[in-house]
Amino acid sequence: HFDDFTDPKSPLTEWFCWLQKRHLEKLQLSDYQKSLYCENYARSKGVKYEENFNEGAHKLTLSQMRDLEKKMTRQEIIFLRCKAMKKRWRIPKENQEFVDFLGTSRSSIVEEGNNRLPSSNSIPLYQRQYSSPLEALTCLVRESNSFLSPIIAVNFYISSLDLIIPNDECSTKSIPSIISVMAVSSEFKASNPLFSDKYDLPREYITMNFSVCGLVWNIGDNGAEDIELSRFRNGSFVGLAYMCDCDDSTVNDVVTLDFRTTLYPSQDPVQTFSVNLEFCNVALILNPLPLLSSLNVLLALFGLPFRPVTETTRNLARKMSNVVEDASETNDYITHIRTDIQIRINDVSVLFMIDREQIYRGVLDFSISEVGINCRTDGLSGKLSILPQTLELCAAQVSRHQPNLRDGILLWKLMPLKPILTIDGARIDAIAVPETESSEPIMKRLQIDTKIGAESFAFNASPSAVVALIGIANSLEVLRRSNNSDAEETV
1 HFDDFTDPKS PLTEWFCWLQ KRHLEKLQLS DYQKSLYCEN YARSKGVKYE
51 ENFNEGAHKL TLSQMRDLEK KMTRQEIIFL RCKAMKKRWR IPKENQEFVD
101 FLGTSRSSIV EEGNNRLPSS NSIPLYQRQY SSPLEALTCL VRESNSFLSP
151 IIAVNFYISS LDLIIPNDEC STKSIPSIIS VMAVSSEFKA SNPLFSDKYD
201 LPREYITMNF SVCGLVWNIG DNGAEDIELS RFRNGSFVGL AYMCDCDDST
251 VNDVVTLDFR TTLYPSQDPV QTFSVNLEFC NVALILNPLP LLSSLNVLLA
301 LFGLPFRPVT ETTRNLARKM SNVVEDASET NDYITHIRTD IQIRINDVSV
351 LFMIDREQIY RGVLDFSISE VGINCRTDGL SGKLSILPQT LELCAAQVSR
401 HQPNLRDGIL LWKLMPLKPI LTIDGARIDA IAVPETESSE PIMKRLQIDT
451 KIGAESFAFN ASPSAVVALI GIANSLEVLR RSNNSDAEET V
């Protein structure tokens, strides 16, 4: 993304393209130079190279050998050294590590034939036929000494953590807030799938577990006194997220994330990403001004500099792609990617304030008892399913609030009225299939079929429900006025 931060017509960008092209041209050796390197390396070890020609006429100094090595990758150097010493170096038959490597990589050794070294990007790691034991040993040494070869395990636990979202200095309507989480635990483990003890089964090589026991999103006291916001009876501002008082003793974690990456060993490895996310026992309050202020600050924090795509940018990208065209064409080791994402939302309520300055005037509780979101992709194909259970929008009234983190619980009771909105048996299905016939060889079109349905849909248009909905609409109107006022201040 070098061109994202510079002008495509600047001399610096042109120099970078020239340097990249020259670098790729230097990283090439002719067959004569490779044979010359093998001959001199074997001579330095006291071995006669079998393809020796004109004995003594092609001696290289140590500095000349190093100059040749600077033009080669580590894999090429190891391969040429093994080729030069293949009559001297022998692998013991009782070497169990070497036998296990051939088994886990599902590879074999055939009779020696063509010793041509393929490109470093086109060598598969699985189901490979090595021309000699030394070639297999080269791959074993290279992979066992890579930074991904050891097993990496990282575990941590945080009893409490506060994320402070400060004021936005560019806006007079900015409101500070604090996201407090409790009992945060995480486990991370990574290993090289090439050395797994599973031979024919998919191999997990990256696993991560993340859980949060408590979550509270409060409004900061400093900087929000001049803005009219709703308060609880104890004087604290109404926040954005609280924990619910759940009777189920088995519910412990508010957020649970399980991430796994598996790989099926083959010449074209199939890589699968599995994500399981659970979100439960949380009450979200649609407090307009604090929510808008926090989102603006977070977007400014995570925003990266970028330049809009223009025709000049496309020409530069096309120019840089032509420079590395030869290297990209040899990259045959591209894994086929699959994803399996499952999201579960249980016992989550979204509270709409009828009056944004007085929460005790009443709220509308949009309760989500259980929602399952499943997404599976295979290359460009995929399917997305959203299966919510009964969704209800009911009138409620806040009864109690415990502001502390460990007791950051918000309680409310439903009013003895009919639900304003009830949806049963809702289902959303989206299927994406790439078109087989396409005139463009690189870009493919996707055909997405979406189906939305529900078994029953009921809306209660009573006078009290209409008044409550009008109050919510008036509360959200402040978002539009706030955006207009910020735009005027910027001008």
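Position 129, counted from 1, in the sequence shown is what the numbering used here calls 129; the numbers after and before it change by one each time, with no gaps. Each residue gets a CB set at the ideal place from its N, CA and C atoms; glycine is no exception. The structure displayed is predicted, hence computed values, not measured ones.
Identify which residue in the options has its Cα closest to the Cα of residue i.
| i | options | result |
| --- | --- | --- |
| P388 | N346, D162 and I337 | N346 |
| V141 | S108, I78, V154 and S159 | I78 |
| L284 | V254, L68 and S236 | V254 |
| F459 | L68, G471, E392 and I109 | E392 |
| P288 | C244, R233, C280 and L351 | L351 |
| L411 | N281, A461 and S107 | N281 |
| I367 | S185, D378, G379 and L414 | For the record, residue 367 in the displayed sequence is Ser; it is not Ile. Checked all of S185, D378, G379 and L414; the closest Cα to S367 is L414. |
| F156 | A473, A183, T138 and N234 | A183 |
| I109 | L137, C17 and E76 | L137 |
| P269 | G239, C244, R106 and N374 | R106 |
| S266 | R128, Q64 and W18 | R128 |
| P290 | T104, G239, S132 and L60 | G239 |
Kindly identify the DSSP beta-bridge partner or partners of residue i.
| i | result |
| --- | --- |
| I91 | I91 pairs with nothing; no bridge assigned. |
| F156 | S186 |
| T339 | F273 and T377 |
| F279 | V255 and I345 |
| F366 | V350 and L393 |
| D268 | Per DSSP, none; premise fails for D268. |
| G382 | T377 and A432 |
| G372 | R344 and L387 |
| V181 | L161 and L215 |
| H401 | L410 |
With DSSP run on the structure shown, which of helix, strand or coil describes residue i?
| i | result |
| --- | --- |
| K451 | strand |
| I175 | coil |
| D197 | coil |
| A395 | strand |
| R445 | coil |
| P290 | helix |
| T390 | coil |
| A487 | For A487, the predicted model reports a pLDDT of 45, less than 50, meaning its position is unreliable; a value from the coordinates is still stated below. In the structure shown, A487 sits in a helix (DSSP, three-state: H, G or I). |
| A327 | For A327, the pLDDT reaches just 38, beneath the cut-off of 50, and the residue's location in the model is therefore unreliable, leaving the point undetermined. |
| M353 | strand |
| I334 | With a pLDDT of only 43 at I334, under the threshold of 50, the placement of this residue in the model should not be trusted, and no figure is reported. |
| R507 | Residue 507 cannot be examined here, being either before or after the span of the chain that is shown, 1 to 491. |
| V238 | coil |
| S462 | coil |
| R128 | coil |
| R231 | strand |
| S107 | coil |
| I151 | coil |
Can you list, in chain order, the residues of its chain with a C-beta nearer than 6 angstroms to that of residue i? Leave out the 5 residues immediately preceding and following it.
| i | result |
| --- | --- |
| R88 | V47 |
| S328 | Low confidence applies here, because S328 scores a pLDDT of 39, under 50, leaving its location unreliable and the question unanswered by this model. |
| E278 | T256 and R344 |
| T272 | T262 and R338 |
| G362 | I354 and Q397 |
| F259 | M208 and V275 |
| L421 | L393 and F459 |
| P193 | R203, Y205 and L263 |
| P166 | P176 |
| D162 | I178 and S180 |
| E325 | With a pLDDT of 44 at E325, under the threshold of 50, the modelled position of this residue cannot be trusted; read the value that follows with caution. Answer for E325: no residue qualifies. |
| I373 | I343 and I386 |
| F210 | S186 and L257 |
| I431 | K383 and D449 |
| L446 | A432 and P434 |
On the DSSP letters alone, give me the boundaries of the beta strand (DSSP E) that residue i sits inside.
| i | result |
| --- | --- |
| C517 | What is shown of the chain runs 1 to 491, which leaves residue 517 out entirely. |
| P434 | R427 to P434 |
| E204 | R203 to I219 |
| T422 | L421 to D424 |
| A458 | S456 to F459 |
| S410 | It should be noted that the sequence gives Leu, not Ser, for residue 410. Here the beta strand (DSSP E) through L410 covers L410 to L414. |
| Y542 | Summary: the structure shown does not reach residue 542, with the chain confined to residues 1 through 491, and so no result is reported for it. |
Between residue i and the rest of its own chain, which residues show a CB-CB distance below 7 angstroms, the 5 nearest in sequence each way excluded?
| i | result |
| --- | --- |
| G425 | A454, E455 and S456 |
| S191 | I151 and Y205 |
| D245 | I409 and L411 |
| I452 | I428 |
| N474 | none |
Considering residue i, what are the terminal residues of the alpha helix (DSSP H) in which it resides?
| i | result |
| --- | --- |
| K48 | It is not in any alpha helix (DSSP H) - K48 carries neither H nor E in the DSSP assignment. |
| T138 | P133 to S144 |
| T73 | From DSSP, T73 is part of no alpha helix (DSSP H); its letter is neither H nor E. |
| F101 | Q96 to T104 |
Leaving aside the five residues before and after residue i along the sequence, list all residues of the same chain whose C-beta is less than 8 angstroms from its C-beta, in chain order.
| i | result |
| --- | --- |
| R116 | Per-residue confidence for R116 stands at a pLDDT of 44, beneath the threshold of 50, marking its modelled position as unreliable; no derived number is given. |
| L298 | I165 |
| R74 | R142 |
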